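One structure is given below, encoded as structure tokens.
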Amino acid sequence: MREINLREALGEAIAEEMERDPAVFIIGEDVGKMGGLMGEIGGLYDKYGAEKVRDTPLSEAAILGAAIGAAITGLRPIARMRFCDFMGIAWDEVLNQMTKMRYMFGGKIKVPLTMDALSGAGRRSAAQHSQSLEGMFMCIPGLKIVLPSNARDAKGLLKTAIRDDNPVLFLEHKRLMWGGPKSEVPDGEYTVPFGQAEIKREGSDVTVVATAYMVHRALDAAEKLQQEKDISLEIVDPRTIVPFDKETVLNSVKKTGRLVVFTEECATGSFAGQVAAIVADEGFDYLDAPIKRVNAPDTPVPYGIILEDFWMPDENQLIKAINEITS
Amino acid sequence: MPVAKEKLLDLYRTMVRIRRFEERVSEEFAAGNIPGSVHVYIGEEAVATGAIAHLRKDDYIMSTHRGHGHLVAKGGKMNLMMAELFAKQTGYCLGKGGSMHIADLDIGMLGAAGIVGSGIPIATGAGLSARIRGTDQVTICFFGDGASNIGRFHEGINMASIWKLPVIFLCENNLWAVSVPTSTSLAIQDIADRGVAYGIPGVVVDGQDVMAVYEAVGEAVTRAKKGEGPTLVEAKTYRYRGHFEGDAGTYRPREEIEKWLARDPINIFREQLTKTQMLTEKQVAEIDKEALEEVAKAVQFAKESPFPKPEETLDNVYA
Ligand SMILES: Cc1ncc(C[n+]2csc(CCOP(=O)(O)OP(=O)(O)O)c2C)c(N)n1
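Those protein sequences? They're chains R and A, same order as listed. Under numbering that gives the first Met the number 0, read the first sequence as residues 0 to 326, first letter to last. Under numbering that gives the first Met the number 0, read the second sequence as residues 0 to 318, first letter to last.
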């Protein structure tokens, strides 16, 4: 099987969906000739022209507002928001418009809208270009949220997102977009369903729920712990946090009796907190040790290698947390 | 261009229907039958009526928190509207939206907006959609003077302008945003002047004169359909009641209110029509009676309809 990275997977998914459905179009900044910040959608402008690969002014609110207007009148926009940090500019469109319309209009409207944005730290981009904001978005009923950890999942999930009749936020971790590990991707058509976690490594001692880039760090930690201490981690990647596949997580905890939630968010108001709450509520009897969370500190993301590396959750912190609940 | 008599009568009828609907909403609110806040359109009927008269069923409108008039003019069903205001299961939104959140995609009504100004970029998107789908649909985006100071006004109109989208931005300048007069919220007299900033025509029109609105919006629609892009139309108008039902509106000077009451859009148009023998006293009475009956039926429908079941709260979050 061929191997590609997440950036290439994203480009393939969008290209294939535009080919498949004439209702799909792209709207955002620098999506045209430039083909996205990293050239990830290069070629589409040449193929479809400015009409359907629509470069916009710097107007995040109007990008999302226009995408909403197009979505409710028969199209399937992909609104490229660049950095999730910028979405504050278009917060009302997310908070009060796209996610509320179906409900407040009594189920009589569909908003098939995909937003994609870079998220996460590790590129020395400082406080306004590095956040993991999924916890904040997760609080808004009506939105689906995808956090892919590898190219294969990303491609299949993005195709599912574009076909979904609801607003979907697709978050690409920067460390996976720039360089990033490659993964095997089938040649033909495939999709990955929402709400199905995947066990990225089977194990018996501790369940680690990890998202996006943290999945890779969890896998590294699992290898190390296996070799050095014969501790077996089961790594669960939810892939979509809304909808969230709690069954897979609860079943894993039932087997291991221990849970660590490992995400790159600030701990307060995080998806990680939500997973811990669900397992405490519905899986308490399975637990042999307290639930642990390994997240980032509640500070803005700092600049530079020293500070940012300290800020980002890493294998050592994960291993420390696992040692605490296994010794 | 001469307008057919039947069309003139339609315009008059629509204005009366909006007025009678809103008067009844006001009464039903006072009687405690409408649980949530309502903003009525009394005094501004000529704007929605004159503008929407140019639209086909599949053309779009984007409405506001003061949206009942827009919906009636676009062909909304009064019984579903009233039931929604009464929070009944049979309402437009199954009782989930209320006055500020009614949409009806079947007649091109994209939704009322509880967040002031939020509709502007959405209307731009509807225009973009018509362009990409290759239809000749136009969109009229209603918003108030208050909304013209929201950032989305800038982003949304600029985007529609650079892409020459078929959208008419129709500012209903009723001189007040709740208690804030335009004299303190705007450094210019006419919001239409802002059209210059986007390279589009900005037109001021007498919002109490339905034919003036009809003409100005007609030109804007023609321009939109020709692919020449949006127009900013500013209709000078006035709300005759408080900002919301229950607001005494004491912040507005008495003389100002009286000046505008003397320019009631329905009276103005009735006089124009009766003077030219387009409308007889008998027809006036008939139109009024029919409107009152339609409203009474809507209220009866609303009153007799069931409330939603509590568990229905959980439905309709996702498609
Ligand atoms: C973004 C936002 N700010 C404030 C409000 C509260 N509010 C509701 S209506 C209104 C006045 C709007 O004035 P205008 O746009 O002129 O419309 P009008 O009520 O005069 O028809 C305000 C301030 C709101 N709903 N949304």
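Beta carbons: idealized from backbone N, C-alpha and C, even for Gly. Computed from a predicted structure; not experimentally measured.
*asked:* Which residues of the segment 87-113 of chain R have a Cβ closer than 7 Å to any Cβ of chain A? Give them in chain order.
replied: Answer in chain order: Asp91, Asn95, Gln96, Met100, Arg101, Tyr102, Met103, Phe104, Gly105, Gly106, Lys107, Ile108, Lys109.
_For Ile54 of chain R, report the span of its alpha helix (DSSP H) as first-last._
Residue 54 of chain R is actually Asp in this sequence, not Ile. Run containing Asp54 of chain R: none in the alpha helix (DSSP H); it sits in the beta strand (DSSP E), 52-54.
_Beta-carbon separation (whole angstroms), Val23 of chain R vs Leu142 of chain R, contact threshold 8 Å_ = Taking 8 Å as the upper bound for CB-CB distance, Val23 of chain R and Leu142 of chain R are not in contact here, some 19 Å apart.
*asked:* Residues in the same chain with beta-carbon distance under 7 Å from Glu154 of chain A, minus the five sequence neighbours each way, listed in chain order, please.
replied: Pro120
*Determine which residues share a DSSP beta bridge with Gly201 of chain A and list them.*
A:Leu231
*Secondary structure of Asp103 of chain A, DSSP reduced to three states*: strand
_Member of A:Tyr213, A:Phe142, A:Leu79 whose CA lies at the smallest distance from the CA of Cys170 of chain A_ = A:Phe142
*asked:* Measuring only the C-alpha atoms, how far is Leu132 of chain R from Asp84 of chain R?
replied: Near 8 Å, if we compare the C-alpha coordinates of Asp84 of chain R and Leu132 of chain R.
*With respect to 8 Å, is the separation between the Cβ of Glu154 of chain A and the closest non-hydrogen atom of ligand 1 below this value?*
no
_Inter-residue CB distance, Val278 of chain R and Val252 of chain R (contact presumed, cutoff 8 Å)_ = Contact holds; Cβ gap of about 6 Å.
*Using a Cβ cut-off of 7 Å, pull out every chain R residue sitting near Phe96 of chain A, in sequence order please.*
Reading the sequence as shown, one finds Gly at residue 96 of chain A and not Phe. Those are Met103, Phe104, Gly105, listed as they occur along chain R.
*What does His100 of chain A touch in chain R if you count any residue whose Cβ is under 7 Å from its own?*
Met103, Phe104
*Compute the minimum distance between the beta carbon of Ser128 of chain A and the heavy atoms of ligand 1, and state whether it is under 8 Å.*
The answer is no for Ser128 of chain A.
_Contact criterion: CB-CB distance below 9 Å. Does Glu44 of chain A meet it with respect to chain R?_
Residue-level contact by beta carbon fails for Glu44 of chain A and chain R, as no gap is shorter than 9 Å.
*What's the call for Phe20 of chain A, buried or exposed, on a 16-neighbour Cβ count within 10 Å?*
buried
_Quick check: does the Cβ of Phe168 of chain A come within less than 8 Å of any heavy atom belonging to ligand 1?_
no
*asked:* Please tell me whether, using a cut-off of 8 Å, the distance from the CB of Gly113 of chain A to the nearest non-hydrogen atom of ligand 1 is below it.
replied: yes
*asked:* So that I know if they touch, is there some Cβ in chain A lying closer than 9 Å to that of Asp313 of chain R?
replied: no
_Once the 5 residues before and after Arg300 of chain R are set aside, which same chain residues still bring their CB inside 7 Å of it?_
The sequence shown places Val at residue 300 of chain R, rather than the Arg named in the question. So the qualifying residues of the chain are Ala120, Ala125, Ala126, Ser129, Gln130, Glu307, Trp310.
*List the DSSP bridge partners of His172 of chain R.*
R:Ser118
*Which whole runs of the alpha helix (DSSP H) in the segment 116-150 of chain A are 4 residues long or more, in chain order?*
118-132
_Rounded C-alpha distance that separates Val115 of chain A from Ala146 of chain A_ = 6 Å
*Under 8 Å Cβ-Cβ, which residues of chain R neighbour Ile161 of chain A?*
Result: Pro56.
*asked:* Given a cut-off of 9 Å on the beta-carbon distance, is the pair Glu233 of chain A and Ala191 of chain A in contact?
replied: yes
*Verify whether the separation of the beta carbon atoms of Lys291 of chain R and Ile318 of chain R is less than 9 Å.*
no
*Counting only beta-carbon atoms, is Asp163 of chain R nearer than 9 Å to chain A?*
yes
*asked:* Quick check on Tyr91 of chain A: does DSSP put it in helix, strand or coil?
replied: coil
_For Gly97 of chain A, tell me which candidate among A:Ala301, A:Leu313, A:Ile60, A:Pro165 has the shortest Cα-Cα distance._
For the residues A:Ala301, A:Leu313, A:Ile60, A:Pro165, the minimum Cα distance to Gly97 of chain A belongs to A:Ala301.
_Under 9 Å, CB to CB, which of the residues in the segment 122-140 of chain R have a partner in chain A?_
Contact residues of the segment 122-140 of chain R toward chain A are Pro140 (C-beta to C-beta distance below 9 Å).
*Should Tyr197 of chain A go down as buried or exposed, given a rule of 16 or more other Cβ atoms within 10 Å for buried?*
buried
*asked:* Considering only their Cβ atoms, is the gap separating Ile41 of chain A from Glu22 of chain A smaller than 9 Å?
replied: yes
*Mapping DSSP to helix, strand and coil, what is Asn172 of chain A?*
The answer is strand: DSSP assigns Asn172 of chain A an E or B state.
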